[in-house]
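Using the working numbering, read the sequence shown as starting at -6 and increasing by one per residue. All residues carry an ideal CB built from backbone N, CA and C; glycine is no exception. First the structure, in the form of C-alpha coordinates, and then the observations on it.
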Amino acid sequence: MSQRRILIIGAGYLGKPLAHTLSQVGHEVCVWVRTEESRSALEREGFSVYAADVSESTSWKAVSNSFEAVVYAPSTGGGDAADYERVYVQGMRNACAHFGEQTYIVFVSSTSVYPQVNGGWVTEASPTDNPTPKAAALLAAEELALERGGSVVRLSGIYGPGRSAMWKRLRERRPLSVFDAERWLNQIHREDAVSALAHVLSLPGGQIMNATDCQPVTRHELYSWLSRRMCVPELPLSSETEERKRGLTNKRVSNDKLLSTGWRPRYPGYQSGYENLIRTGNLDTTFI
(Lines of atoms letter the chains of each structure in order from A and count residues from 1; the text may use other names and numbers.)
(Lines give C-alpha, C1' and ligand atoms only; values in the text may rest on other atoms or scores of the structure.)
Protein backbone atom coordinates (compact mmCIF):
# COMPACT_ATOMS: atom_id res chain seq x y z
CA MET A 1 0.00 0.00 0.00
CA SER A 2 1.44 3.37 -1.02
CA GLN A 3 1.80 6.06 1.62
CA ARG A 4 -1.41 7.98 2.25
CA ARG A 5 -2.96 10.61 4.48
CA ILE A 6 -5.27 8.65 6.78
CA LEU A 7 -7.78 9.87 9.36
CA ILE A 8 -8.75 7.50 12.16
CA ILE A 9 -12.03 8.47 13.78
CA GLY A 10 -12.02 6.94 17.24
CA ALA A 11 -8.58 6.45 18.78
CA GLY A 12 -9.33 4.22 21.74
CA TYR A 13 -8.48 0.60 22.46
CA LEU A 14 -8.42 -0.27 18.75
CA GLY A 15 -7.91 3.04 16.96
CA LYS A 16 -4.83 4.14 18.88
CA PRO A 17 -2.68 1.05 18.11
CA LEU A 18 -3.93 1.23 14.51
CA ALA A 19 -2.70 4.82 14.33
CA HIS A 20 0.73 3.76 15.59
CA THR A 21 0.86 0.81 13.19
CA LEU A 22 0.03 2.92 10.15
CA SER A 23 2.43 5.67 11.19
CA GLN A 24 5.27 3.20 11.61
CA VAL A 25 4.95 2.10 7.98
CA GLY A 26 5.07 5.64 6.67
CA HIS A 27 1.48 6.87 6.45
CA GLU A 28 0.60 10.39 7.58
CA VAL A 29 -1.97 9.70 10.29
CA CYS A 30 -4.37 12.09 11.99
CA VAL A 31 -6.83 11.01 14.69
CA TRP A 32 -10.23 12.22 15.86
CA VAL A 33 -11.32 11.79 19.49
CA ARG A 34 -14.25 13.02 21.53
CA THR A 35 -12.61 14.71 24.51
CA GLU A 36 -9.92 17.31 25.08
CA GLU A 37 -8.27 14.95 27.55
CA SER A 38 -7.82 12.34 24.82
CA ARG A 39 -6.60 15.03 22.44
CA SER A 40 -3.86 16.12 24.84
CA ALA A 41 -2.67 12.55 25.42
CA LEU A 42 -2.44 11.78 21.70
CA GLU A 43 -0.77 15.08 20.85
CA ARG A 44 1.94 14.18 23.33
CA GLU A 45 2.48 11.03 21.26
CA GLY A 46 3.03 13.14 18.16
CA PHE A 47 -0.32 12.89 16.40
CA SER A 48 -2.37 15.68 14.86
CA VAL A 49 -5.72 15.46 16.63
CA TYR A 50 -9.29 16.67 16.19
CA ALA A 51 -11.52 16.63 19.28
CA ALA A 52 -15.25 16.94 18.68
CA ASP A 53 -18.58 15.10 18.45
CA VAL A 54 -18.80 13.29 15.09
CA SER A 55 -22.60 13.48 15.14
CA GLU A 56 -22.62 17.29 15.11
CA SER A 57 -22.36 18.68 11.57
CA THR A 58 -20.59 21.79 12.85
CA SER A 59 -17.77 19.61 14.20
CA TRP A 60 -16.63 18.87 10.66
CA LYS A 61 -15.94 22.47 9.65
CA ALA A 62 -12.40 22.34 11.06
CA VAL A 63 -11.61 18.95 9.49
CA SER A 64 -9.55 18.67 6.32
CA ASN A 65 -11.35 16.92 3.47
CA SER A 66 -8.11 15.95 1.74
CA PHE A 67 -7.59 12.61 3.49
CA GLU A 68 -7.17 9.71 1.09
CA ALA A 69 -8.57 7.17 3.55
CA VAL A 70 -10.69 7.26 6.70
CA VAL A 71 -11.16 4.51 9.28
CA TYR A 72 -14.47 5.19 10.99
CA ALA A 73 -14.25 3.51 14.41
CA PRO A 74 -15.80 5.73 17.09
CA SER A 75 -17.25 4.28 20.29
CA THR A 76 -20.59 4.91 21.95
CA GLY A 77 -19.03 4.16 25.34
CA GLY A 78 -21.55 1.40 25.98
CA GLY A 79 -24.45 3.59 24.93
CA ASP A 80 -28.02 2.66 24.04
CA ALA A 81 -29.70 2.40 20.64
CA ALA A 82 -30.12 6.17 20.42
CA ASP A 83 -26.37 6.59 20.93
CA TYR A 84 -25.72 4.06 18.18
CA GLU A 85 -27.98 6.00 15.84
CA ARG A 86 -26.25 9.28 16.70
CA VAL A 87 -22.62 8.11 16.60
CA TYR A 88 -22.76 5.56 13.79
CA VAL A 89 -25.56 6.66 11.48
CA GLN A 90 -25.54 10.44 11.84
CA GLY A 91 -21.77 10.49 12.22
CA MET A 92 -21.32 8.40 9.07
CA ARG A 93 -23.74 10.65 7.18
CA ASN A 94 -21.57 13.60 8.16
CA ALA A 95 -18.42 11.78 7.07
CA CYS A 96 -19.90 10.84 3.69
CA ALA A 97 -21.08 14.41 3.11
CA HIS A 98 -17.71 15.88 4.13
CA PHE A 99 -15.36 13.73 2.07
CA GLY A 100 -15.31 13.45 -1.69
CA GLU A 101 -15.47 10.22 -3.68
CA GLN A 102 -11.66 10.08 -3.70
CA THR A 103 -11.64 9.33 0.04
CA TYR A 104 -11.82 5.62 0.87
CA ILE A 105 -13.92 5.07 4.02
CA VAL A 106 -13.58 1.86 6.04
CA PHE A 107 -16.37 1.44 8.59
CA VAL A 108 -15.63 -0.71 11.63
CA SER A 109 -18.80 -2.66 12.36
CA SER A 110 -19.54 -5.78 14.39
CA THR A 111 -20.45 -9.42 13.88
CA SER A 112 -23.32 -8.72 16.31
CA VAL A 113 -25.37 -7.82 13.20
CA TYR A 114 -25.75 -11.55 12.52
CA PRO A 115 -28.86 -12.73 14.42
CA GLN A 116 -28.39 -16.48 13.90
CA VAL A 117 -29.10 -18.73 16.90
CA ASN A 118 -28.63 -22.29 15.60
CA GLY A 119 -24.86 -22.54 16.12
CA GLY A 120 -24.10 -22.79 12.40
CA TRP A 121 -21.50 -20.94 10.35
CA VAL A 122 -22.24 -17.45 9.07
CA THR A 123 -20.51 -15.58 6.26
CA GLU A 124 -20.74 -12.06 4.89
CA ALA A 125 -23.64 -13.29 2.74
CA SER A 126 -25.67 -14.56 5.71
CA PRO A 127 -28.98 -12.82 6.45
CA THR A 128 -29.10 -9.89 8.88
CA ASP A 129 -32.90 -9.82 9.05
CA ASN A 130 -34.96 -8.50 11.98
CA PRO A 131 -32.02 -6.74 13.65
CA THR A 132 -32.01 -5.37 17.16
CA PRO A 133 -32.11 -1.54 17.32
CA LYS A 134 -28.33 -1.40 17.83
CA ALA A 135 -27.66 -3.81 14.97
CA ALA A 136 -30.04 -1.82 12.78
CA ALA A 137 -27.95 1.31 13.38
CA LEU A 138 -24.75 -0.53 12.48
CA LEU A 139 -26.32 -1.90 9.30
CA ALA A 140 -27.54 1.57 8.31
CA ALA A 141 -24.04 2.98 8.77
CA GLU A 142 -22.61 0.07 6.78
CA GLU A 143 -24.95 0.86 3.90
CA LEU A 144 -23.87 4.51 3.88
CA ALA A 145 -20.20 3.49 3.63
CA LEU A 146 -20.85 0.89 0.92
CA GLU A 147 -22.99 3.23 -1.19
CA ARG A 148 -20.05 5.55 -1.68
CA GLY A 149 -17.53 2.80 -2.44
CA GLY A 150 -16.21 2.22 1.07
CA SER A 151 -15.71 -1.07 2.86
CA VAL A 152 -17.04 -2.62 6.06
CA VAL A 153 -15.09 -4.70 8.55
CA ARG A 154 -17.28 -6.69 10.93
CA LEU A 155 -15.18 -7.42 14.00
CA SER A 156 -15.95 -10.17 16.47
CA GLY A 157 -15.30 -9.69 20.20
CA ILE A 158 -11.93 -8.04 20.76
CA TYR A 159 -9.64 -9.24 23.53
CA GLY A 160 -6.07 -8.26 24.23
CA PRO A 161 -3.75 -6.51 26.67
CA GLY A 162 -5.72 -5.58 29.77
CA ARG A 163 -9.07 -6.47 28.23
CA SER A 164 -11.18 -9.61 28.12
CA ALA A 165 -14.69 -10.01 29.46
CA MET A 166 -14.08 -13.76 29.69
CA TRP A 167 -10.89 -13.34 31.66
CA LYS A 168 -12.60 -10.85 34.00
CA ARG A 169 -15.36 -13.34 34.77
CA LEU A 170 -12.82 -16.09 35.49
CA ARG A 171 -10.81 -13.83 37.80
CA GLU A 172 -13.92 -12.77 39.68
CA ARG A 173 -15.17 -16.37 39.87
CA ARG A 174 -18.63 -15.41 38.62
CA PRO A 175 -20.75 -18.46 37.75
CA LEU A 176 -21.41 -19.26 34.11
CA SER A 177 -25.03 -19.64 33.08
CA VAL A 178 -25.89 -23.13 31.85
CA PHE A 179 -27.82 -21.40 29.06
CA ASP A 180 -24.60 -19.76 27.86
CA ALA A 181 -22.09 -22.57 28.43
CA GLU A 182 -22.48 -24.20 25.01
CA ARG A 183 -23.06 -21.03 23.00
CA TRP A 184 -20.34 -20.23 20.47
CA LEU A 185 -17.94 -17.38 21.12
CA ASN A 186 -16.21 -15.53 18.27
CA GLN A 187 -13.13 -13.51 19.16
CA ILE A 188 -10.17 -11.67 17.69
CA HIS A 189 -6.96 -10.54 19.39
CA ARG A 190 -6.51 -6.77 19.24
CA GLU A 191 -3.25 -7.15 17.34
CA ASP A 192 -5.06 -9.13 14.64
CA ALA A 193 -7.96 -6.66 14.53
CA VAL A 194 -5.43 -3.89 13.87
CA SER A 195 -3.68 -5.89 11.15
CA ALA A 196 -7.03 -6.73 9.54
CA LEU A 197 -8.00 -3.06 9.31
CA ALA A 198 -4.61 -2.10 7.93
CA HIS A 199 -4.95 -4.90 5.36
CA VAL A 200 -8.46 -3.85 4.26
CA LEU A 201 -7.15 -0.33 3.63
CA SER A 202 -5.05 -1.86 0.83
CA LEU A 203 -8.01 -3.66 -0.80
CA PRO A 204 -10.58 -2.39 -3.31
CA GLY A 205 -13.69 -0.83 -1.79
CA GLY A 206 -17.30 -1.92 -1.81
CA GLN A 207 -16.74 -5.01 0.34
CA ILE A 208 -17.88 -6.48 3.64
CA MET A 209 -15.29 -8.54 5.53
CA ASN A 210 -15.60 -10.53 8.76
CA ALA A 211 -12.52 -10.11 10.95
CA THR A 212 -12.33 -12.87 13.52
CA ASP A 213 -9.93 -15.64 14.43
CA CYS A 214 -10.05 -19.13 12.93
CA GLN A 215 -11.37 -20.96 15.96
CA PRO A 216 -14.83 -20.25 17.36
CA VAL A 217 -15.09 -21.80 20.80
CA THR A 218 -17.89 -22.50 23.25
CA ARG A 219 -17.78 -20.54 26.46
CA HIS A 220 -17.47 -23.73 28.47
CA GLU A 221 -14.47 -24.89 26.44
CA LEU A 222 -12.74 -21.53 26.78
CA TYR A 223 -13.27 -21.33 30.53
CA SER A 224 -12.15 -24.93 30.97
CA TRP A 225 -8.93 -24.25 29.08
CA LEU A 226 -8.25 -21.01 31.00
CA SER A 227 -8.92 -22.76 34.31
CA ARG A 228 -6.48 -25.54 33.51
CA ARG A 229 -3.89 -23.08 32.25
CA MET A 230 -4.09 -21.00 35.43
CA CYS A 231 -4.50 -24.01 37.78
CA VAL A 232 -7.74 -22.69 39.24
CA PRO A 233 -11.09 -24.49 39.65
CA GLU A 234 -13.53 -24.30 36.75
CA LEU A 235 -16.33 -21.80 37.02
CA PRO A 236 -19.50 -23.10 38.68
CA LEU A 237 -22.61 -23.29 36.52
CA SER A 238 -25.72 -21.31 37.34
CA SER A 239 -29.32 -21.83 36.25
CA GLU A 240 -29.95 -18.07 36.24
CA THR A 241 -30.11 -16.16 32.97
CA GLU A 242 -28.10 -12.99 32.51
CA GLU A 243 -28.87 -9.53 31.20
CA ARG A 244 -26.96 -8.86 27.99
CA LYS A 245 -25.96 -5.70 26.16
CA ARG A 246 -26.58 -7.44 22.85
CA GLY A 247 -29.16 -9.93 21.70
CA LEU A 248 -28.80 -13.63 22.42
CA THR A 249 -27.17 -15.25 19.38
CA ASN A 250 -25.34 -18.48 18.76
CA LYS A 251 -23.23 -18.70 15.62
CA ARG A 252 -19.76 -19.42 14.28
CA VAL A 253 -18.38 -16.56 12.21
CA SER A 254 -16.29 -17.46 9.15
CA ASN A 255 -13.22 -15.42 8.21
CA ASP A 256 -12.68 -17.28 4.91
CA LYS A 257 -13.30 -14.20 2.77
CA LEU A 258 -10.67 -12.12 4.54
CA LEU A 259 -8.21 -15.03 4.49
CA SER A 260 -8.72 -15.33 0.72
CA THR A 261 -7.32 -11.80 0.28
CA GLY A 262 -4.02 -12.77 1.92
CA TRP A 263 -4.59 -11.67 5.52
CA ARG A 264 -3.35 -14.04 8.21
CA PRO A 265 -3.94 -13.67 11.96
CA ARG A 266 -0.96 -13.92 14.27
CA TYR A 267 -3.22 -15.61 16.82
CA PRO A 268 -5.51 -17.96 14.86
CA GLY A 269 -7.06 -19.45 18.00
CA TYR A 270 -7.77 -18.53 21.59
CA GLN A 271 -4.97 -20.73 22.99
CA SER A 272 -2.17 -18.84 21.23
CA GLY A 273 -3.77 -15.47 21.92
CA TYR A 274 -4.33 -15.96 25.65
CA GLU A 275 -1.01 -17.76 26.06
CA ASN A 276 0.77 -14.69 24.73
CA LEU A 277 -1.16 -12.37 27.06
CA ILE A 278 -0.43 -14.54 30.09
CA ARG A 279 3.27 -14.96 29.32
CA THR A 280 3.81 -11.26 28.64
CA GLY A 281 1.97 -10.14 31.78
CA ASN A 282 -0.72 -8.32 29.80
CA LEU A 283 -3.58 -9.74 31.87
CA ASP A 284 -4.11 -9.43 35.59
CA THR A 285 -3.46 -12.90 36.97
CA THR A 286 -4.60 -12.09 40.52
CA PHE A 287 -7.54 -14.36 41.24
CA ILE A 288 -10.15 -13.43 43.79
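Quiz prompt | Cβ pair count under 8 Å reaching 3, the segment 216 to 234 against the segment 168 to 183 | solution = yes
Quiz item: alpha helix (DSSP H) containing Ser253: first to last residue?
Solution: 249 to 253
Quiz item: Where are the beta strand (DSSP E) runs, 3 residues long or more, that stay fully inside the segment 55 to 111, in chain order?
Solution: Taking only runs of at least 3 residues, the beta strand (DSSP E) segments lying wholly in the segment 55 to 111 are 62 to 65, 97 to 103.
Quiz prompt | Short Cβ contact (8 Å threshold) for Thr121 with Leu137 | solution = no
Quiz item: Roughly how many angstroms lie between the CA atoms of Trp218 and Arg147, to the nearest whole one?
Solution: 27 Å
Practice problem: Measure from the alpha carbon of Val64 to the alpha carbon of each residue in Glu49, Gly39, Arg257, Gly198, then state which is nearest. | Solution: Gly198
Quiz item: Is the segment 56 to 75 close to the segment -4 to 11, with three or more CB pairs under 8 Å?
Solution: yes
Quiz prompt | Beta-carbon gap between Leu270 and Ser220 smaller than 8 Å | solution = no
Practice problem: Taking Tyr77 and Val56 to be in contact with their CB atoms under 8 Å, please state how far apart those CB atoms are, rounded to whole angstroms. | Solution: Between Val56 and Tyr77 the Cβ distance is about 22 Å, and since that is not below 8 Å, they are no contact.
Quiz item: In three-state DSSP terms, what is Gln264?
Solution: helix
Quiz item: So does the segment 193 to 211 actually touch the segment 29 to 46, counting three or more Cβ pairs closer than 8 Å?
Solution: no
Self-check item: Distance between Trp25 and Thr104 (C-alpha atoms, nearest Å)
Solution: 24 Å
Quiz item: When you compare only the Cα positions, how much space is there between Met202 and Tyr107?
Solution: 13 Å
Exercise. Leaving aside the five residues before and after Arg167 along the sequence, list all residues of the same chain whose C-beta is less than 8 Å from its C-beta, in chain order.
Key: Leu228
Self-check item: Rounded Cβ spacing between Gly19 and Ser48 (contact assumed at less than 8 Å)
Solution: That pair is no contact at about 32 Å.
Quiz item: Hey, out of Val101, Glu175, Glu184, whose CA is closest to Val80's CA?
Solution: Val101
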